[in-house]
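The sequence shown begins at 832 in the working numbering and counts up by one.
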Amino acid sequence: MKDEGILLSKLGINYNTLKIRPPMTFTKANVDYLIEKLDKVLDKTQLND
832 MKDEGILLSK
842 LGINYNTLKI
852 RPPMTFTKAN
862 VDYLIEKLDK
872 VLDKTQLND
């Protein structure tokens, strides 16, 4: 996500929680951008069960 311009970190015992670090003013355009980039990254990621 850093390559997409979004800062986040993994948290929790099993690192299964994402902490998103948005700017102080977070607009609908920011939400749309975040969802678009998150969807793109998740499409590239293979999850292991």
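Ideal Cβ placement from N, Cα and C applies to all residues, glycine included.
Keep in mind that this is a model prediction, so the values were computed, not measured.
Pair within 8 Å by beta-carbon distance, residue i and residue j
| i | j | result |
| --- | --- | --- |
| Lys-850 | Leu-842 | yes |
| Leu-865 | Ile-837 | yes |
| Leu-869 | Arg-852 | no |
Beta carbon proximity, residue i to chain C, threshold 8 Å
| i | result |
| --- | --- |
| Met-855 | In the structure shown, chain C cannot be found, because there is only a single protein chain. |
Self-check item: Continuous beta strand (DSSP E) assignments of at least 3 residues falling wholly in the segment 834-874
Solution: 839-842 and 848-851
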